[in-house]
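Using our numbering, the first residue of the sequence shown is number 18, and each one after it goes up by one.
A virtual CB, placed ideally from N, CA and C, is assigned to each residue, including glycine.
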Amino acid sequence: MKSSDLFARAKTLMPGGVSSPVRAIKPFPFYVERAAGSHLTTVDGDDLIDCCLGYGPLILGHANPHIREAIERQLEGGWLYGTPSPLELDLAGIIIGDHPGIGMVRFVSSGSEATMAAIRLARGYTGKQDIIKVEGGFHGAHDAVLVKAGSGATTLGVPDSAGVVADLVAHTRQVPYNDAEALETLLSENDDIAAFILEPIMGNIGPVLPGDDYLADVREITAAYDVLLILDEVITGYRIGIGGAEVLYGVKPDIATFGKIIGGGLPIGAFGGRRDIMELVAPAGPVYQAGTFSGNPASLAAGVATLRYLHDHPEIYRRLDDATRTIEEVAVDARRGSFVRMGSIFKHFFRSTSPRNYREVKECDTEAFSRFWKAMLDLGIFLPPSQFETNFLSAAHSDQDIDEIAEAYGSCLFA
Ligand SMILES: *Cc1c(COP(=O)(O)O)cnc(C)c1O
Numbered sequence: 018m019k020s021s022d023l024f025a026r027a028k029t030l031m032p033g034g035v036s037s038p039v040r041a042i043k044p045f046p047f048y049v050e051r052a053a054g055s056h057l058t059t060v061d062g063d064d065l066i067d068c069c070l071g072y073g074p075l076i077l078g079h080a081n082p083h084i085r086e087a088i089e090r091q092l093e094g095g096w097l098y099g100t101p102s103p104l105e106l107d108l109a110g111i112i113i114g115d116h117p118g119i120g121m122v123r124f125v126s127s128g129s130e131a132t133m134a135a136i137r138l139a140r141g142y143t144g145k146q147d148i149i150k151v152e153g154g155f156h157g158a159h160d161a162v163l164v165k166a167g168s169g170a171t172t173l174g175v176p177d178s179a180g181v182v183a184d185l186v187a188h189t190r191q192v193p194y195n196d197a198e199a200l201e202t203l204l205s206e207n208d209d210i211a212a213f214i215l216e217p218i219m220g221n222i223g224p225v226l227p228g229d230d231y232l233a234d235v236r237e238i239t240a241a242y243d244v245l246l247i248l249d250e251v252i253t254g255y256r257i258g259i260g261g262a263e264v265l266y267g268v269k270p271d272i273a274t275f276g277k278i279i280g281g282g283l284p285i286g287a288f289g290g291r292r293d294i295m296e297l298v299a300p301a302g303p304v305y306q307a308g309t310f311s312g313n314p315a316s317l318a319a320g321v322a323t324l325r326y327l328h329d330h331p332e333i334y335r336r337l338d339d340a341t342r343t344i345e346e347v348a349v350d351a352r353r354g355s356f357v358r359m360g361s362i363f364k365h366f367f368r369s370t371s372p373r374n375y376r377e378v379k380e381c382d383t384e385a386f387s388r389f390w391k392a393m394l395d396l397g398i399f400l401p402p403s404q405f406e407t408n409f410l411s412a413a414h415s416d417q418d419i420d421e422i423a424e425a426y427g428s429c430l431f432a
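Pasting the structure below:
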């Protein structure tokens, strides 16, 4: 069956025809038959270079043989125990070893679950009720973070989804990204703030990069007001280097959240942090958190294999940084919009200068983006289908892939 036929049927079986909203590409999404390395093969027989990579987890590309072997070995030994397995110690040990700010971790099954638990933990630790997030920051699909962007810093949060209790998101305040002063003002006026949660690099409207001192200022201000700093490293963890934003920018969180790459492409999430904070998590402490699939052996096996591979091949990060620079050189020549990159994440914004926050991202010409996106797809390059989603590269992208992507950028941006 062709993608159009599959989608017509899918719409009768699942809301919007998809399992997650961003996949509902118009007029219909392509269906994938198989994926290997940097390429996707669709049921329609198209071969595409993938710059979406499952929205970030696949830093080693699709069906990487090392990861596959680790998963297969685990499958032979079973894939769900309901009791601890030694793999948990391996993955916890690697993550803790790579992040000086993290003394303990708890595994969960998704990034959303990790941020939900991290926020509960911050409230349990501080005894305070409100949280602050960044406008346009994404932390998954649970109630406390589904707050409409644009509600001012001093006003109460307003739900960004039907079905979210207004009283609950009233406890979620928002500040613009790259504005340490707004954060300080809000903290000086409110003494019931448990935590500030942010993506160190905004990945779900961007990449939008932190200004020179922003993260250091955020660390200093939150500490001064006894507010916990939650770094959401679900995208940045192992993506911008080993140690993520914590190491790259030298900013120690009180709590950090992980997902995506640490599961090597299988479902996973984790939250970790200072030991005195983490010891409040059940059963060690009174903050409840639990999950049937938490510490799933197949995900752990894929995650351990991925992180070990990255440790053994640190040159991957430099090569990917060179690759996005190659694409940037072409994009910048086009003198149309602005190109932003950080290691293997990149994006072309249809806006004259690089955006610094959500309000500026919103000024992008989304119609120009849509035309560009479609033109890229016609040349065989799959980018995430939104101006507001980051593009990714993987270690599986060959020099030829990179050249093809750069050339396509050239012809589609100059068009
Ligand atoms: C993807 C993402 C999440 C949510 O992770 P899921 O595994 O999709 O639940 C949370 N925070 C950030 C920064 C993300 O990019």
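Check: Ligand 1 heavy atom lying under 7 Å from the CB of Gly78; Outcome: no
Check: Nonlocal neighbours in the same chain, by C-beta distance under 7 Å from Leu400, ignoring five residues either side; Outcome: Cys68, Cys69, Trp390, Met393, Asn408
Check: Endpoints, alpha helix (DSSP H) assigned at Val151; Outcome: Unbroken run through Val151 is the beta strand (DSSP E), 147-151; no alpha helix (DSSP H).
Check: Ligand 1 heavy atom lying under 7 Å from the CB of Gly157; Outcome: yes
Check: Ser127 beta carbon near ligand 1 (any heavy atom closer than 7 Å); Outcome: yes
Check: Member of Glu216, Tyr142, Leu185 whose CA lies at the smallest distance from the CA of Ala262; Outcome: Glu216
Check: When Arg85, Pro402, Leu232, Leu204 are compared against Asn221, the one with the closest alpha-carbon; Outcome: Pro402
Check: Distance cut-off 7 Å: Asn221 Cβ against heavy atoms of ligand 1; Outcome: yes
Check: Residue burial classification, His156 (beta-carbon count within 10 angstroms, cutoff 16); Outcome: buried
Check: Residue environment, Ser21, which counts as buried when at least 16 other CB atoms sit within 10 Å; Outcome: exposed
Check: Separation of Val268 from Arg373, as counted between CA atoms; Outcome: 19 Å
Check: Beta-ladder partner(s) of Ala273, from DSSP; Outcome: Leu248, Gly289
Check: Distance cut-off 7 Å: Gly289 Cβ against heavy atoms of ligand 1; Outcome: no
Check: Ala348 versus Arg292: straight-line alpha-carbon distance, rounded; Outcome: 45 Å
Check: Pair within 8 Å by beta-carbon distance, Val60 and Leu97; Outcome: no
Check: Complete alpha helix (DSSP H) runs within the region 193-236 (minimum length 4 residues, chain order); Outcome: 197-206
Check: Rounded C-alpha distance that separates Ser316 from Ile88; Outcome: 8 Å
Check: Ligand 1 heavy atom lying under 7 Å from the CB of Gly33; Outcome: no
Check: CB of Leu246 within 8 Å of CB of Arg236, strictly; Outcome: yes
Check: Val235 beta carbon near ligand 1 (any heavy atom closer than 7 Å); Outcome: no
Check: Nearest candidate by alpha-carbon position, reference His159, set Ala139, Gln146, Val151, Val182; Outcome: Val182
Check: Three-state secondary structure (DSSP) of Gly33; Outcome: helix
Check: Test item: CB-CB of Ile136 and Ala161 under 8 Å; Outcome: yes
Check: Where Val347 falls: helix, strand or coil (DSSP); Outcome: helix
Check: C-beta atoms of Ala322 and Val122 nearer than 8 Å; Outcome: no
Check: Three-state class that DSSP yields for Val264 in the structure shown; Outcome: helix
Check: Coarse secondary structure for Met121, derived from DSSP in three states; Outcome: strand
Check: 7 Å CB neighbourhood of His83 in its chain, flanking five on each side removed; Outcome: Ala322, Tyr326
Check: Ser415 to Gly54 span [Cα, whole Å]; Outcome: 9 Å
Check: Nonlocal neighbours in the same chain, by C-beta distance under 6 Å from Tyr266, ignoring five residues either side; Outcome: Leu232
Check: Where Phe431 falls, given that 16 or more other Cβ within 10 Å makes a residue buried; Outcome: exposed
Check: 6 Å CB neighbourhood of Ala425 in its chain, flanking five on each side removed; Outcome: Met393, Leu396, Ile398
Check: Strand pairing of Phe409, partner residues [DSSP]; Outcome: Ile362
Check: Element boundaries [alpha helix (DSSP H), containing Ala423]; Outcome: 416-431
Check: Asp249 Cβ short of 7 Å to ligand 1 heavy atom set; Outcome: yes
Check: Neighbourhood of Thr343 by C-beta distance below 6 Å, restricted to the same chain and skipping five residues each side; Outcome: Ile419, Ala423
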